[in-house]
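Contents: one structure, followed by commentary.
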Amino acid sequence: MPNSIRLLALLLGVNLAPFLHASPGHWRIATDWADGWPTAWHNVEATGESTVGEWRIVTGRLTLPTGTWELRDAYRPASEPGTTEIRRRWHWTGEEQLDRVTLSFVLELPGLRDARPFLPGISYYDNPAGQKVDATRIPVIVADAPAPPLFAEDHREPGDTYFEPSEEVTPPVSKLHRGFYEEHRYPLPFAAIEGVNEDTRHTFALHTVPSPARYGKREDQWWSLGVDYTDNGIEIAAYSGPVASNGRNAIIKGHQRAWHLYDETWITVPPDTIIEKTFFVQTSKTPQRGHGFSAPLWTSLALTDPYNPDGFPPLREAIRKKLADTESRWREGPGYAGIKSFPEDHRAIRNWIDLAWAGQSEAYAYPYLRLADRFEIVEPIDRIQRGYDFITTSPFTDVGFSIRYDFDQGEWQDDRRNFLSQSQAMNNMLDALRLARADDRLDTGKWETFLQQASDLHAERILARDWHPVSTNEGFMIAPLAKASQQFDRARHLQAAIKAADHYMARHLSMDEPYWGGTLDARCEDKEGAWAALQGFLTLYDVTGDERYLHAAIHAGDVVISYVYVWDVPLPPGRLTDHNFRTRGWTTVSAQNMHLDVYGVLCAPALWRLGDITGKAEYHQLARLMIVACCQMIDPFGRQGEQMHQTNYAQHYDYTDLAGVRGDYVESWDIYWISAHFLVAAAQLDEMGVDWIDW
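In the working numbering, each residue carries its 1-based index in the sequence shown increased by 618.
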């Protein structure tokens, strides 16, 4: 075992010898490039070792024809258990510029069995669910999946904002099992491997302090982080630029349905240059399969300490603006009344009342009832009555009620009855009903009938022998059915909620099938799928008191948190920098859609509730951050688009290369859910007795 890893094992206080060593020297430096990847690797062993205070110092040297690299690592135990801080220093002392260089930090794990990667926001144990749907649209590392389509302007159709490349630019299946992604694509900057060695399950993680690569060949070139399955074992590594995924080197996911070439990401080092980077190596025992990611997740939160809420816009002002946006979307006409999903100046004519998912047209009533007095909402009772009475006109079929009313056609759309949206609408309406029952100004008779019918229908559907949902989307049914069981005193509703919860616990707690499918446009691992489970498990725990559901809620909650940015990504010139935008507290969407959105606002009260139950203050701190951070970018009308580009990814406009994408912002996708979730979250916190008005 190389002396550097013997030292690292000593610092970690564990026996790493059977399954962890440097690969194959202590330092690895490449000085050439071919086929989208560094070549001409030089492997350097450590030759010196000393102690300076709390630091152990390891040194080495690499002599090349044009000069010498002086190399140094400084190690010390970090504050988190099982974690060591490493500060790596490369000093090029040559008198000539050194071209085509790649620096690295590589750890090899040759002894692991059943090893699976976890890269926050990118790869959830290699995204097995998304692979079954379409492996070309998501990052794939281990499986022999088809390589993804590359973006090519020649194959775009005029005006096609959802470009689909042709087969001509789709490469074949590759055996390369490698996944490296720009650090700014990571919500939490670590890469982890969970696996078994000598009958004990372990998780190993490499944390980085993210940074641009100094002297990168490309503009805005960053370090990359990821894993590589080699003939010698598994490597967790960071590189000064190279990227890879889905069987190809030098590609990045730059579009919802396509990938971009991103080649020649070496650095060119001038004479007498010092480059430094900080890493943290962590190892932990994992008591249960599929839970290994939690230890590095909470270590990442401790290392980044993201919780300071100062400097963000006041939440009360955001709520005022979101109420103004709600007011501006109210529409009444012959036979209808409600919240219009899209504003009048939206790029497409969409005169809809859309229940749940993106529209959230029913969500206004619950916060109106809770916040009306404090914020002087205009005509809250009349609008709640008229709007909810109208929703109850949505016709039922054997698969439930319609969730879209089209003003222009003057009717509910018969083909809009997905279970995900129905369950979200039921949940919001049940929260409103609970408060409305205590208000003698409201007649809830029609709502009661409607919600009982919906709850009965979906409870019986779930209790049927042949019920087996495709994804976690029907996890959204757990919370409303559990609530309905209390409000309508029907045991069948609770039985159905329990069956659904137990079903999803069996499917997801091992992460053999991660939470997925909680959005309608990204059928892969996503935070909304994890949120569906968190909301459902936590509600069922509150209703039943069964500790199993609390433990499941904590697991799902950790997955939700893995999509939350815990650091402020430095951004290039663009719309976001114009507003001094900070990424900390925002959520990325899914393994397919890698922009930021405000959805975490809706998840935050559940995390606060976990803090109440567990006594863990970090839940409270993170929940507050997630809400106040998303108060950024609200315009004078109370709107904000959902797509902030913190990484090299854009979704709702065409582009031929990546220049100008990172740091940009799509403000046109201003559907009502963005405002609704703020109001619902504020009302939920209010009911929990949280004094959020001065946040």
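For each residue, glycine too, the CB sits at the ideal point set by N, CA and C. Small disclaimer: the values here were computed from a predicted structure and weren't measured.
Residue 871 is bridged by DSSP to 877. The beta carbons of residue 1080 and residue 1114 sit closer together than 7 Å. Residue 651 places its beta carbon 7 Å or farther from that of residue 840.
At a Cβ-Cβ threshold of 7 Å, residue 1064 and residue 1007 count as neighbours. In chain order, 989, 993, 1296, 1297, 1300 place their CB closer than 8 Å to the CB of residue 937, counting only its own chain and leaving out the 5 sequence neighbours on each side. In this structure the stretch 1277-1285 does not touch the stretch 1226-1245; the number of beta carbon pairs closer than 8 Å is below three. Under the three-pair Cβ rule at 8 Å, the stretch 1000-1018 counts as touching the stretch 1046-1060. Distance from the CA of residue 1066 to the CA of residue 1050, rounded to the nearest whole angstrom, comes to 11 Å. With contacts defined by Cβ atoms closer than 7 Å, residue 1111 and residue 1077 form a contacting pair. Ranked by Cα distance from residue 696, the first of 837, 819, 917 is 917. Counting along the chain, residue 1117 sits inside no beta strand (DSSP E); it lies in the alpha helix (DSSP H) bounded by residues 1109-1126. For the 7 Å CB-CB criterion, residue 1245 and residue 1219 form a contact. Between the alpha carbons of residue 1144 and residue 741 lies a gap of roughly 10 Å. Closest in alpha carbon position to residue 891, among 1310, 715, 670, 1306, is 715. Residue 1175 and residue 986 have their C-alpha atoms spaced approximately 28 Å apart.
Residue pairing by DSSP places residue 808 opposite 825 in a beta bridge. The beta carbons of residue 900 and residue 823 sit closer together than 7 Å.
A Cβ-Cβ separation of about 7 Å places residue 1036 in contact with residue 1138 under the 8 Å criterion. In the three-state scheme derived from DSSP, where H, G and I count as helix and E and B as strand, residue 1251 is classed as coil.
Secondary structure note for residue 694: its beta strand (DSSP E) is the uninterrupted segment 685-695. Collapsing the DSSP output to three states places residue 1183 in coil.
Assigned with DSSP and collapsed to three states, residue 1289 falls in coil, not helix or strand. Fewer than three beta-carbon pairs drawn from the stretch 740-758 and the stretch 825-841 are found closer than 8 Å, and the two stretches are therefore not classed as touching.
The Cβ-Cβ distance between residue 720 and residue 658 does not fall below 7 Å.
Along the length of the stretch 904-960, whole beta strand (DSSP E) runs at least 3 residues long occupy 948-951, 954-957, reported in chain order. For residue 1253, the closest alpha carbon among the candidates 723, 939, 1200 is that of 939.
In this structure, residue 1009 keeps its C-beta atom at 7 Å or more from the C-beta atom of residue 1029. Going by DSSP, residue 748 is part of the alpha helix (DSSP H) stretching over 746-752. Residue environment for residue 1311: exposed (fewer than 16 other C-beta atoms within 10 angstroms of its C-beta).
At the C-beta level, residue 926 and residue 758 stay beyond 7 Å of one another. Non-local C-beta neighbours of residue 893 in its own chain, meaning closer than 7 Å and more than five positions away in sequence, comprise 708, 721, 832, ordered along the chain. By the Cβ criterion, the stretch 684-699 is not in contact with the stretch 751-766, since fewer than three pairs of Cβ atoms, one from each stretch, lie closer than 8 Å.
Within the same chain, and ignoring the five residues on either side of residue 933 in sequence, the residues whose Cβ sits closer than 7 Å to its Cβ are 1245, 1246, 1249, 1310, 1313. For residue 1015, DSSP records a beta bridge to 1018. Taking the CA atoms as reference points, residue 814 sits about 21 Å from residue 797. If only uninterrupted alpha helix (DSSP H) runs of at least 4 residues are considered, those enclosed by the stretch 1133-1163 are 1145-1162.
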